[in-house]
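What follows is a set of notes on a single structure, which appears directly below.
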Amino acid sequence: MVEQSIWMQKVAADPGHSSWYVERFRSMARAGDDLAGEARLVDTAVPRGARILDAGCGPGRVGGQLAEAGHDVVGVDVDPVLIEAAEQDHPGPRWLVGDLAELDLPARGITAPFDAIVCAGNVMTFLAPSTRSAVLERFRAHLAPGGRVVIGFGAGRGYEFADFFADAAAVGLEPDLLLSTWDLRPFTDDSTFLVALLHER
Ligand SMILES: C[S@@+](CC[C@H](N)C(=O)[O-])C[C@H]1O[C@@H](n2cnc3c(N)ncnc32)[C@H](O)[C@@H]1O
Numbered sequence: 386m387v388e389q390s391i392w393m394q395k396v397a398a399d400p401g402h403s404s405w406y407v408e409r410f411r412s413m414a415r416a417g418d419d420l421a422g423e424a425r426l427v428d429t430a431v432p433r434g435a436r437i438l439d440a441g442c443g444p445g446r447v448g449g450q451l452a453e454a455g456h457d458v459v460g461v462d463v464d465p466v467l468i469e470a471a472e473q474d475h476p477g478p479r480w481l482v483g484d485l486a487e488l489d490l491p492a493r494g495i496t497a498p499f500d501a502i503v504c505a506g507n508v509m510t511f512l513a514p515s516t517r518s519a520v521l522e523r524f525r526a527h528l529a530p531g532g533r534v535v536i537g538f539g540a541g542r543g544y545e546f547a548d549f550f551a552d553a554a555a556v557g558l559e560p561d562l563l564l565s566t567w568d569l570r571p572f573t574d575d576s577t578f579l580v581a582l583l584h585e586r
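First residue of the sequence shown: 386, per our numbering; consecutive thereafter.
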């Protein structure tokens with residue numbers, strides 16, 4: 386067992402949190418909001434028909450879009466309510482309940498590694514801090530040769546960017562591109578958001 390994620394601590398404190406989150410994204414989708422920016426970036430970084438892991442997929446917004454673009458998507462999230470919503474709203478990908486700190490997809494019959502692992506929507510800041518390094522190590526372990534890990538999260542959420550870079554380096558992941566937005570603006574010392582594209586050293 387690993388320490389409970391910050392997300393599931395929130396759910397324990399407020400059992401309506403997951404349904405609120407699902408409805409928030411459903412209403413944005415109904416309103417025609419652009420919910421596909423992360424998926425567009427990832428789509429540019431992989432071959433056609435790539436194998437993609439949506440890590441901390443929530444209700445399937447990013448992985449669902451990538452599956453529509455023709456990729457073979459697996460999504461994993463610790464919150465079963467969100468996985469149920471992903472199955473309803475984005476049928477097609479394999480949506481699995483699990484904690485990323487214990488990610489072992491070969492043990493669940495998914496043996497092929499991934500061309501890309503996308504971890505969008507501040508997932509890194511909702512992990513239990515004690516599990517951050519384990520999650521990054523699990524990402525590296527599930528990467529195909531030449532694969533990319535694409536991680537986005539905001540500043541001021543308890544995980545300093547410098548600590549993230551150090552944790553990634555310690556498990557053998559190093560950046561090949563740092564951005565401050567999903568629409569490709571450069572990362573600078575003043576950036577309040579990070580989109581890191583990493584590869585295995
Ligand atoms: C703000 S949501 C983002 C959801 C999705 N990535 C998106 O961008 O729409 C954060 C997600 O991180 C997931 N999460 C947090 N800790 C996790 C963990 N240890 N293992 C798997 N998922 C986790 C939560 O369940 C939640 O779905």
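Every residue gets a Cβ at the ideal spot worked out from N, C-alpha and C, and that includes glycine.
- Sequence-distant Cβ neighbours of D561 in its own chain, meaning closer than 6 Å and more than five residues away, are L582 and H584.
- The beta carbons of V508 and G441 sit closer together than 8 Å.
- DSSP, reduced to helix, strand and coil, places A421 outside both helices and strands of the structure shown, so it counts as coil.
- From the listed residues A435, G460 and F499, the smallest Cα separation to V447 is found for G460.
- Counting only the Cα atoms, A540 lies some 27 Å from D500.
- Relative to the Cα of H475, the nearest Cα in the group L512, P432 and A414 belongs to A414.
- DSSP places P476 outside both helix and strand once states are collapsed to three, so it counts as coil.
- For I391, no beta strand (DSSP E) run applies; the uninterrupted alpha helix (DSSP H) run containing it begins and ends at I391 to A398, by DSSP.
- Here the distance from the Cβ of T516 to the nearest heavy atom of ligand 1 is below 7 Å.
- Pairing R570 with L564, the inter-Cα distance amounts to about 6 Å.
- At least one heavy atom of ligand 1 sits closer than 7 Å to the Cβ of L485.
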